[in-house]
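Written out below as structure tokens is the structure these notes cover.
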Amino acid sequence: MLKTTINLEPGKKVYFASDQHFGAPTPQASKVREEKFIRWMDEIKEDAQVLFLMGDLFDFWHEWKHVVPKGYVRVLGKIAELKDRGIHIYFFVGNHDLWMKDYLEEEIGCTVFYQKQYFEMGGKQFLLAHGDGLGPGDKGYKRMKKLFTNPVAQWLFKWLHPDIAMKIALYLSQKNKMISGEEDKAFLGEEKEFLIIYSKEKLKTEKIDYFIYGHRHLPMVLDLEPGSKYINLGDWISYFTYGVFDEDFELKVFGK
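Each residue of the sequence shown is one higher than the one before, starting from 143 at the first, in our numbering.
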């Protein structure tokens, strides 16, 4: 089990945020949420040592060799500012931005992850993932993800003109329930929530203090067993929630 250890500096904190889906439902409507997210990053930059962006920052993202999607300049610029201040930025690819390649790494200096990761911070053990495709069930989405990550399918898609490709992708992103996440937004109960089931299975063989996910858009801190918590970070569409860790984890709401 590969694990990254982060030694927290005195007075510094680790922040987590997920599922901003910038660009949806329209670029104009998205800008209001983007401005709020920028204000939040301005607020945390004084004491942040690490920022985890846990997936679906964009409602759709695809990188061609010389082209990236239009927009998001202020958001990307603020992330770059935090990185330039010495804050470590870890970006988890979600189901809406799984076509991420090397743009954020080369232009901003983020570390990009495509799979779950293990961290040790403040003496606590973390398992971090966006959450899509983990656990039982969700077979329709898992089949779709295999298609989306297939090298041949990606090669064919990149030959579409970006204007056409983006129009198709944004439509599907918002209209297809398996992609958009509109299905099962309500809490299904511990015995049916696939990420909770997955976490409980992991605890049978691994010692994890915090399981932290996005994807489900349901802000929640749930005790799985003594000393182990399931955390969903919620989203920046309905809840504007984020996580913060120094000696313990806390889920907060940004209301400004």
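Cβ coordinates follow ideal geometry from the N, Cα and C atoms, glycine included. For clarity, every value in this text was computed on a predicted model and none was experimentally measured.
Nearest to residue i (by Cα), restricted to the options the options
i, options, result
"Ser-380", "Leu-345, Asn-149, Phe-179", "Phe-179"
"Asp-189", "Leu-224, Leu-330, Arg-216", "Leu-224"
"Val-386", "Cys-252, Gln-191, Arg-216", "Gln-191"
"Asp-239", "Asp-390, Leu-195, Pro-368, Gln-267", "Leu-195"
"Ser-172", "His-230, Ser-370, Phe-329, Leu-199", "Leu-199"
"Lys-155", "Asp-390, Leu-270, Phe-396, Pro-293", "Asp-390"
"His-303", "Val-174, Gly-397, Glu-205, Leu-276", "Glu-205"
"Gln-267", "Tyr-352, Phe-202, Met-183", "Tyr-352"
"Gly-265", "Lys-145, Val-363, Lys-398, Phe-396", "Lys-145"
"Lys-243", "Ile-148, Glu-177, Lys-207", "Lys-207"
"Lys-309", "Val-395, Pro-167, Thr-147", "Pro-167"
"Trp-203", "Val-215, Gly-165, Leu-193, Val-363", "Gly-165"
"Leu-193", "Ile-229, Leu-366, Gly-213, Val-215", "Ile-229"
"Phe-233", "Glu-176, Thr-347, Val-254", "Val-254"
"Lys-402", "Asn-149, Asp-305, Glu-333, Val-174", "For the chain, the structure presents residues 143 to 398; residue 402 sits outside this window and is missing."
"Leu-366", "Gly-376, Lys-349, Asp-377, Phe-382", "Lys-349"
"Phe-329", "Gly-369, Leu-150, Lys-300, Asn-374", "Asn-374"
"Lys-344", "Lys-371, Asn-149, Pro-152", "Lys-371"
"Glu-333", "Gly-277, Asp-388, Ile-186, Thr-347", "Gly-277"
"Lys-398", "Gln-170, Pro-169, Glu-177", "Glu-177"
"Glu-392", "Val-217, Phe-158, Leu-246", "Phe-158"
"Gly-219", "Arg-181, Val-235, Trp-378, Gly-153", "Arg-181"
Residue interval of the beta strand (DSSP E) (run including residue i)
i, result
"Glu-367", "362-367"
"Met-263", "259-263"
"Ile-250", "Premise fails: Ile-250 is in no beta strand (DSSP E) and is neither H nor E."
"Val-209", "Note, Val-209: premise wrong, no beta strand (DSSP E); not H, not E."
"Ser-380", "Run containing Ser-380: none; DSSP gives neither H nor E here."
"Glu-355", "It should be pointed out that residue 355 corresponds to Tyr in this sequence rather than to Glu. Element bounds for Tyr-355: 352-355."
"Asn-374", "370-374"
"Phe-391", "391-395"
"Lys-145", "145-148"
Cross-strand partners of residue i (DSSP beta bridge)
i, result
"Gln-267", "Glu-262"
"Leu-193", "Tyr-157, Ile-231"
"Trp-241", "His-204"
"Lys-220", "None, per the DSSP bridge assignment."
"Phe-329", "Note: Phe-329 sits in no beta bridge, so no partner."
Residue i: CB within 6 angstroms of a non-hydrogen atom of the ligand NAP
i, result
"Lys-398", "Because no ligand of any kind appears in the structure shown, any question about the ligand NAP cannot be addressed here."
Residue span of the alpha helix (DSSP H) that contains residue i, given as start and end
i, result
"Ile-338", "336-345"
"Ser-172", "169-186"
Any C-beta of chain C under 7 angstroms from that of residue i
i, result
"Lys-220", "Going by chain labels, chain C is absent from the structure shown, which holds only one protein chain."
| message | Under 8 angstroms, with one C-beta from each stretch per pair, do the segment 333-343 and the segment 354-362 reach the 3-pair mark? | response | yes
| said: If contact is defined by three or more beta carbon pairs under 8 angstroms, each pair taking one atom from either stretch, is the segment 258-277 in contact with the segment 213-229? | reply: no
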